[in-house]
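Asker: Sharing a structure with you now.
Protein chains: 2
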Amino acid sequence: MTPGQPKWRRRKEARPAEIVAAALEVFAGKGFAAARLDDIAAAAGVSKGALYLYFETKQDLFTAVVRTAITPNIAEIEAAALAMDMPFARVLRLLVGRGADVLSTSAIGGVAKMVIAESRNFPDLARVWHDEVANRVLSAIVALVEKGQAAGEVRPGDPRGYAFSIISPLLMGLLWREVFVPIGAAPMNIRALAEHHIEAVLDGLLTEGARA
Amino acid sequence: MTPGQPKWRRRKEARPAEIVAAALEVFAGKGFAAARLDDIAAAAGVSKGALYLYFETKQDLFTAVVRTAITPNIAEIEAAALAMDMPFARVLRLLVGRGADVLSTSAIGGVAKMVIAESRNFPDLARVWHDEVANRVLSAIVALVEKGQAAGEVRPGDPRGYAFSIISPLLMGLLWREVFVPIGAAPMNIRALAEHHIEAVLDGLLTEGARA
DNA sequence: GATAAATAACTGACTGGTCAGTTATAAACG
DNA sequence: CGTTTATAACTGACCAGTCAGTTATTTATC
């Protein structure tokens with residue numbers, strides 16, 4: 002037809018990232034088992050065989066997707082948590098706002114869904130998620146709470162429990178959006194939810210002396 | 002071998018419940034796609050063919066599992082929420098304690114995991130879960146919050162947002178247990194988490210006048 | 001700087017195993 | 001002995017993973 006246009010190009014550098022991006026979309030949409038490698042290949046604009054030039058197995062590809070999706074943003078928030086030299090409430094508002102934005106923007110929702118779903122079949126993946134995401138975020142908040150307690154701003158009590166109280170609504174909002182909004186439920190404004198929640202929970206966490 | 006023992010018995014009444022129970026276990030453990038009908042049949046003590054005497058397809062069986070696992074307990078909590086004629090804080094403590102027990106005991110965790118995972122592939126199921134579980138529980142808490150606001154016990158603000166703040170840590174605790182404890186993470190005491198959380202959030206939700 | 005040879009990226013048809021669903025047959029029961 | 005309940009062998013579709021062949025690109029040669 003058009004002899005000037007080659008059927009394909011050699012793009013060794015760009016392929017892996019493109020394949021992972023395509024795989025993220027398909028995996029997040031249909032889940033690991035229901036995702037067809039042919040679909041992923043088509044979405045990435047390559048043949049199925051090309052997938053195997055860059056990834057050994059379907060599980061390998063899945064692992065790469067998760068690792069790619071999680072690493073960024075975490076370290077940033079983590080570092081920011083303790084560096085800030087402000088009152089507890091102010092730091093928390095800033096961090097939760099930033100966290101809500103990350104959750105709203107990134108593909109973390111779809112990836113989290115997959116990890117929850119496949120945790121039994123992919124223990125390694127669940128461990129990666131635990132060590133590199135869940136525990137890190139939780140620990141950062143725990144450290145923040147402990148700092149607040151040391152300063153007399155936060156009431157005494159298990160910091161880990163408080164950390165749970167702080168972040169859980171954000172994650173539930175995320176899951177709500179992933180699961181129910183496609184079904185036709187009212188859309189979820191995670192940012193607004195986060196801001197509303199943080200005010201409610203702050204008045205509980207702050208001691209009398211730290212209240213405005 | 003033992004000619005006195007029949008190879009099998011006709012138990013038309015008992016089979017469906019047994020099959021659903023077996024399916025719940027296998028589905029919850031491995032997810033929908035990875036669950037083999039042979040495994041479910043073996044766990045139920047029947048042949049695969051027998052499954053098809055009671056359920057049309059694998060999806061049918063999956064639907065039955067979800068419907069069976071969700072119905073009980075919900076109505077009970079729902080009714081209790083508004084019937085109680087006590088201060089808001091007291092009702093909430095009782096309800097959340099009861100809810101934590103239900104979450105700890107029942108198989109809701111495994112089912113929730115499945116619904117999250119397969120929401121894209123089973124929109125009908127996600128809708129059932131939304132209408133009959135998520136929204137009902139949330140609405141019950143919303144009604145409770147509104148009642149508390151009307152009585153001047155709860156500070157003003159979006160009741161739905163507060164409901165999210167109240168229940169989310171319970172559900173996150175549940176997911177944490179489902180996903181990370183099998184991986185070797187520290188076990189999760191949902192009851193303790195719930196009690197700790199409710200105190201933290203109550204001091205935020207209560208107006209000055211309603212504080213102890 | 002044109003042409004040919006060599007290399008490596010990529011394709012797509014194929015296969016071997018798996019598994020949801022079917023059916024021929026048999027055992028229980030009244 | 002007729003009907004219902006159950007089994008177990010069977011089938012056909014599906015799909016992850018393979019590989020022999022094709023094509024873009026690079027390197028060597030004149």
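These protein sequence lines are chains A and B, in that order.
The working numbering puts the first residue of the first sequence at 2, with every later residue one more than the last.
The working numbering puts the first residue of the second sequence at 2, with every later residue one more than the last.
A virtual CB, placed ideally from N, CA and C, is assigned to each residue, including glycine.
Closest to glutamate 196 (chain B) by C-alpha separation, out of A:Glu179, A:Ala135, A:His198, A:Asp159, would be which residue?
Answerer: Of the candidates A:Glu179, A:Ala135, A:His198, A:Asp159, the one whose C-alpha sits nearest the C-alpha of glutamate 196 (chain B) is A:Asp159.
Asker: In whole angstroms, what separates the C-alpha of valine 21 (chain A) from that of glycine 111 (chain B)?
Answerer: Cα to Cα, valine 21 (chain A) sits roughly 29 Å from glycine 111 (chain B).
Asker: Which chain B residues are close to glycine 32 (chain A), counting only those with a beta carbon under 9 Å from its beta carbon?
Answerer: The contacting residues are Gly32, Phe33, Ala34, Ala118, Glu119, Arg121, Asn122.
Asker: Helix, strand or coil for tryptophan 130 (chain B), going by three-state DSSP, please let me know.
Answerer: Of the three classes helix, strand and coil, the one that applies to tryptophan 130 (chain B) here is helix, per DSSP.
Asker: With a 10 Å radius around its C-beta and 16 neighbouring C-beta atoms as the bar for buried, classify threonine 3 (chain A) as buried or exposed.
Answerer: With a pLDDT of 41 at threonine 3 (chain A), under the threshold of 50, the predicted position of this residue should be treated as unreliable, though the coordinate-derived value follows. Threonine 3 (chain A) is exposed by the Cβ-count criterion.
Asker: Give me, in chain order, the residues of the same chain whose beta-carbon lies closer than 8 Å to that of arginine 16 (chain A); leave out the 5 immediate sequence neighbours on both sides.
Answerer: So the qualifying residues of the chain are Ala45, Val47, Ala51, Leu54, Tyr55.
Asker: Could you tell me the distance, in whole angstroms, from the CA atom of isoleucine 78 (chain A) to the CA atom of arginine 94 (chain A)?
Answerer: Between isoleucine 78 (chain A) and arginine 94 (chain A), the C-alpha separation is close to 13 Å.
Asker: Which residues mark the beginning and the end of the alpha helix (DSSP H) in which valine 112 (chain A) is found?
Answerer: First-last of the alpha helix (DSSP H) with valine 112 (chain A): 109-119.
Asker: Hey, how far is the Cα of asparagine 122 (chain A) from the Cα of alanine 144 (chain B)?
Answerer: If you take the alpha carbons of asparagine 122 (chain A) and alanine 144 (chain B), they lie about 40 Å apart.
Asker: Look up alanine 101 (chain A) in the DSSP assignment and say whether it is helix, strand or coil.
Answerer: The answer is helix: DSSP assigns alanine 101 (chain A) an H, G or I state.
Asker: Evaluate glutamate 57 (chain A) with the Cβ neighbour count: other Cβ atoms within 10 Å of its Cβ, from every protein chain shown; 16 or more gives buried, anything less gives exposed.
Answerer: Result: exposed.
Asker: Just to confirm the assignment: which complete alpha helix (DSSP H) runs, minimum length 4, are found wholly within the segment 7-63 of chain B?
Answerer: The segment 7-63 of chain B contains these whole alpha helix (DSSP H) runs: 16-31, 38-45, 49-55.
Asker: Quick check on DSSP: helix, strand or coil for phenylalanine 165 (chain B)?
Answerer: Note: phenylalanine 165 (chain B) maps to helix in three-state DSSP.
Asker: Between valine 66 (chain B) and alanine 24 (chain B), how many whole angstroms is the CB-CB distance? I'm expecting something under 8 Å.
Answerer: Yes, they are in contact, since the Cβ atoms of valine 66 (chain B) and alanine 24 (chain B) sit about 5 Å apart, within 8 Å.
Asker: Check the Cβ of tyrosine 163 (chain B) against every Cβ in chain A and list those closer than 9 Å, keeping chain order.
Answerer: By Cβ distance, chain A contributes His197, His198, Ala201.
Asker: Using a Cβ-Cβ cutoff of less than 6 Å, which residues in the same chain neighbour alanine 152 (chain A) once the five nearest sequence positions on both sides are dropped?
Answerer: Hits under 6 Å: none found.
Asker: Distance, Cα to Cα, arginine 99 (chain B) vs isoleucine 71 (chain B)?
Answerer: Each residue's Cα considered, the two are about 16 Å apart.
Asker: Interface residues of chain B around arginine 99 (chain A) at Cβ under 9 Å?
Answerer: Here the premise fails: no neighbours, minimum Cβ distance about 19 Å.
Asker: Using a beta-carbon distance cut-off of less than 9 Å, what residues from the segment 67-89 of chain A approach chain B?
Answerer: The segment 67-89 of chain A vs chain B, Cβ under 9 Å: nothing.
Asker: Closer than 8 Å, CB to CB, is glycine 158 (chain A) near chain B or not?
Answerer: Interface residue, yes.
Asker: If contact means a Cβ-Cβ distance below 9 Å, which residues of the segment 171-189 of chain A contact chain B?
Answerer: If the cut-off is 9 Å between Cβ atoms, the segment 171-189 of chain A has Leu171, Leu172, Met173, Gly174, Leu176, Trp177, Glu179, Val180, Phe181, Pro183, Ile184, Gly185, Ala186 near chain B.
Asker: Determine the closest residue to methionine 173 (chain A) out of B:Glu200, B:Val129, B:Ala108, B:Ala113, with distance taken between C-alpha atoms.
Answerer: Per the Cα distances, B:Ala113.
Asker: Could you spell out where the alpha helix (DSSP H) holding arginine 80 (chain A) opens and where it closes?
Answerer: The sequence as given places alanine at residue 80 (chain A); arginine does not occur at that position. Start and end: 75-84.
Asker: When DSSP labels each residue in this structure, what does phenylalanine 181 (chain B) get in the three-state scheme?
Answerer: Coil.
Asker: Put phenylalanine 123 (chain B) into one of helix, strand or coil per three-state DSSP.
Answerer: Three-state DSSP puts phenylalanine 123 (chain B) in coil, outside helix and strand.
Asker: DSSP state of methionine 173 (chain B), grouped into three classes?
Answerer: Helix at methionine 173 (chain B).
Asker: Would you mind sorting arginine 212 (chain A) into buried or exposed? The rule is 16 or more other CB atoms within 10 Å of its CB.
Answerer: Any reading at arginine 212 (chain A) must be qualified, since the residue scores a pLDDT of 44, below 50, and its modelled position is unreliable; no value is offered.
Asker: Go ahead and pull the three-state DSSP assignment for alanine 186 (chain A).
Answerer: Of the three classes helix, strand and coil, the one that applies to alanine 186 (chain A) here is coil, per DSSP.
Asker: How close, in whole Å, do the beta carbons of phenylalanine 28 (chain A) and methionine 87 (chain A) come, if the pair is a contact with beta carbons under 8 Å?
Answerer: Not a contact, Cβ separation roughly 39 Å.
Asker: Between serine 169 (chain A) and chain B, is any beta-carbon pair separated by less than 8 Å?
Answerer: It does: the Cβ of serine 169 (chain A) has a partner Cβ on chain B nearer than 8 Å.
Asker: Could you name the residues of the same chain whose beta carbon sits closer than 6 Å to that of leucine 62 (chain B), not counting the 5 residues immediately before and after it, in chain order?
Answerer: Result list for leucine 62 (chain B): Ala24, Phe56, in chain order.
Asker: If we cut at 8 Å on Cβ distances, does leucine 194 (chain A) have a partner in chain B?
Answerer: Judged by the 8 Å Cβ criterion, leucine 194 (chain A) is in contact with chain B.
Asker: If you compare alpha carbons, which of B:Asp39, B:Lys148, B:Leu203 is closest to methionine 85 (chain B)?
Answerer: For methionine 85 (chain B), the nearest C-alpha among the options comes from B:Lys148.
Asker: Could you list which residues in chain B have their beta carbon closer than 7 Å to that of arginine 128 (chain A), in chain order?
Answerer: By Cβ distance, chain B contributes Ile184.
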